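Only one structure is covered here, and it is reproduced in the block below.
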Amino acid sequence: MNMAIKELSIKGIDHPAVAANDVETLADWYCTMFGYEKWFHHPKPVWLLKAPDGSLLEIIPKDDTARPMRTFWTPGWSHLALKVDNIDDAIAFLDSKGVVWGGEIVDAIGGGRVRNLFDPDGNMLQILERL
Numbered sequence: 000m001n002m003a004i005k006e007l008s009i010k011g012i013d014h015p016a017v018a019a020n021d022v023e024t025l026a027d028w029y030c031t032m033f034g035y036e037k038w039f040h041h042p043k044p045v046w047l048l049k050a051p052d053g054s055l056l057e058i059i060p061k062d063d064t065a066r067p068m069r070t071f072w073t074p075g076w077s078h079l080a081l082k083v084d085n086i087d088d089a090i091a092f093l094d095s096k097g098v099v100w101g102g103e104i105v106d107a108i109g110g111g112r113v114r115n116l117f118d119p120d121g122n123m124l125q126i127l128e129r130l
């Protein structure tokens with residue numbers, strides 16, 4: 000049957016993926032820091048992690064491509080923003096774990112407050128509190 004699709008209806012983002020130096024170590028870090036749980040393991044090795052709201056994050060092995068130097072505005076995918084209920088409480092917790100911050104709290108585009116940080120592999124993240 001040859002039926003043309005008239006429109007594509009995207010339901011949303013299923014998951015972002017991050018290529019890791021060590022899949023197990025980075026998966027454990029996201030679970031410890033942000034409350035993800037290890038949801039599905041593939042022997043490649045790949046982990047699908049599930050956040051408390053059900054959203055997924057995939058941790059995959061990196062290849063030997065050199066990491067480019069990035070700024071916040073470098074072209075391409077930039078960062079992963081993680082929603083928190085209270086940014087001050089989140090900062091206090093992450094400070095106790097010794098995270099590397101990428102600046103101070105700033106006003107978030109679209110409302111709220113945001114602060115940048117880096118995971119152990121140097122990937123940029125944000126914690127974001129919407130008001």
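Residues 0 to 130 (numbering that gives the first Met the number 0) make up the sequence shown, in order.
Think of the CB as a built atom: it goes at the ideal place given N, C-alpha and C, for glycine as much as any other residue.
Quick caveat: nothing in here was measured; it's all calculated off a predicted structure.
Euclidean distance between Cα positions of residue i and residue j
{"i": "D217", "j": "V17", "result": "Lying outside 0 to 130, the shown extent of the chain, residue 217 is not represented and no answer is given."}
{"i": "L47", "j": "E103", "result": "30 Å"}
{"i": "D27", "j": "E6", "result": "40 Å"}
{"i": "V99", "j": "M68", "result": "17 Å"}
Environment of residue i [buried if 16+ CB atoms lie within 10 Å]
{"i": "N124", "result": "Note that residue 124 corresponds to Leu in the displayed sequence, not to Asn. Classification of L124: buried, given that the 10 Å Cβ count is 16 or more."}
{"i": "R114", "result": "buried"}
{"i": "M32", "result": "buried"}
{"i": "I58", "result": "buried"}
{"i": "L148", "result": "Any question about residue 148 goes unanswered here, given that the chain covers just 0 to 130."}
Within 8 Å, strictly: CB atoms of residue i and residue j
{"i": "G111", "j": "L127", "result": "yes"}
{"i": "G101", "j": "L116", "result": "yes"}
{"i": "A89", "j": "V83", "result": "yes"}
{"i": "C30", "j": "E23", "result": "no"}
Residues of its chain near residue i, where Cβ-Cβ distance is below 6 Å and the 5 sequence neighbours each way are ignored
{"i": "P51", "result": "G34"}
{"i": "W72", "result": "none"}
Nearest candidate by alpha-carbon position, reference residue i, set the options
{"i": "D62", "options": "L55, W76, G11, K43", "result": "K43"}
{"i": "K49", "options": "H14, W76, R129", "result": "H14"}
{"i": "R66", "options": "N122, R129, L130, A3", "result": "N122"}
{"i": "L25", "options": "K10, G11, V45", "result": "V45"}
{"i": "D106", "options": "L56, A3, I86", "result": "I86"}
{"i": "L56", "options": "I108, T64, W38, L130", "result": "W38"}
{"i": "G53", "options": "H78, G11, R69, S77", "result": "G11"}
{"i": "D118", "options": "H78, L130, P74, S8", "result": "H78"}
{"i": "I108", "options": "K96, V98, L130", "result": "L130"}
Cut-off 7 Å between Cβ atoms - residues of its own chain near residue i, not counting five sequence neighbours on either side
{"i": "N20", "result": "K61, D120"}
{"i": "H40", "result": "W46"}
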